[in-house]
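Before any comments, here is the structure.
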Amino acid sequence: MLEIKDIVQIYQDGQSQVTALTLPSFQAERGSAWCITGPSGSGKSTLLHCISGLLRPTKGTICWDGKVMT
Ligand SMILES: Nc1ncnc2c1ncn2[C@@H]1O[C@H](COP(=O)(O)OP(=O)(O)O)[C@@H](O)[C@H]1O
Ligand SMILES: [Mg+2]
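So for the sequence shown, the numbering used here puts the first residue at 33; every next one is plus one.
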C-alpha cells in the first residue's frame, strides 16, 4: 500500500523558489489503478519522481507497505 502524507516539493530556481507540488493526503491499495491528471506544470512528474524514490520531497512522508521511504 502507498501512503502519502503532507508532501511538499519546493525547487530552488536561481534566486526564487518554486512550489511544484503540495499533496496533503493520498492512499492507494496494491494492485489498484490511478490516473494523475492536471495541466502542464501542476506537479504530475514531480509526484511520480517522489513516489518512485527518485526525489526526496522537501516535506512530508511517503510510505510503501508501512515502510517510510522519505
Ligand atoms: N528541476 C526543477 N527546477 C525548478 N523548477 C522545476 C523543476 N522541475 C519542475 N519544476 C517546476 O515545478 C512545477 C511542476 O513541474 P512538473 O512536476 O514537471 O509538472 P507537470 O509534470 O504536471 O507538467 C512547474 O512549475 C515546473 O516549472
Ligand atoms: Mg510532466
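Virtual Cβ for every residue (Gly too), placed ideally from N, Cα, C.
Segment limits, alpha helix (DSSP H) that includes residue i
| i | result |
| --- | --- |
| Ile68 | Per DSSP, Ile68 belongs to no alpha helix (DSSP H) and is neither H nor E. |
| Ser77 | Lys76 to Ile83 |
Straight-line gap, residue i to residue j (C-alpha atoms, nearest Å)
| i | j | result |
| --- | --- | --- |
| Ile83 | Ile94 | 7 Å |
| Ile42 | Leu53 | 7 Å |
| Glu35 | Arg62 | 11 Å |
| Gln99 | Phe58 | According to the sequence shown, residue 99 is Lys rather than Gln. So the alpha carbons of these two residues sit roughly 15 Å apart. |
For residue i, the first and last residue of its enclosing beta strand (DSSP E)
| i | result |
| --- | --- |
| Thr51 | Ser48 to Ala60 |
| Leu34 | Leu34 to Asp45 |
| Gly92 | Lys91 to Trp96 |
Any chain B beta carbon closer than 8 Å to residue i
| i | result |
| --- | --- |
| Ile94 | In the displayed structure, chain B is absent; only one protein chain is listed. |
6 Å CB neighbourhood of residue i in its chain, flanking five on each side removed
| i | result |
| --- | --- |
| Gly73 | none |
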